[in-house]
Amino acid sequence: MGFLTDLWNQISEFFGIEAVDSIVPEEPPKAYEPVESVTPLPEKPVAEIPVEEIEPLPVEPVSEPTTIGEQGRA
Numbered sequence: 001m002g003f004l005t006d007l008w009n010q011i012s013e014f015f016g017i018e019a020v021d022s023i024v025p026e027e028p029p030k031a032y033e034p035v036e037s038v039t040p041l042p043e044k045p046v047a048e049i050p051v052e053e054i055e056p057l058p059v060e061p062v063s064e065p066t067t068i069g070e071q072g073r074a
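Right, here's the structure in full:
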């Protein structure tokens, strides 16, 4: 057993915790598992998509601009 495992066992014995054989996990943590994308990626690289195929974003009307002073009085 390694130094850290022995130290842990001494600490756990002092506090009444069950001793362990090794503090190293049995199996290594799982690597990153890719998740299927919610939004499908474009089939062509973005640089190759003609401008005509790009859908414009919706534009919302903007209220009249105000100054900070008018915002404070409103």
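Numbered as in my numbering, the sequence shown ends at 74 without a single skipped number. The beta-carbon is built from N, C-alpha and C at its ideal position, and this holds for glycine as well.
Inter-residue spacing [alpha-carbon to alpha-carbon] between residue i and residue j
i, j, result
"V62", "V51", "26 Å"
"E26", "F3", "18 Å"
"I11", "K30", "29 Å"
"T39", "F14", "54 Å"
"P58", "E64", "19 Å"
Element boundaries [alpha helix (DSSP H), containing residue i]
i, result
"E53", "Per DSSP, E53 belongs to no alpha helix (DSSP H) and is neither H nor E."
"T5", "F3 to F15"
Reference residue i, options the options, closest by Cα
i, options, result
"E53", "E18, P45 and W8", "P45"
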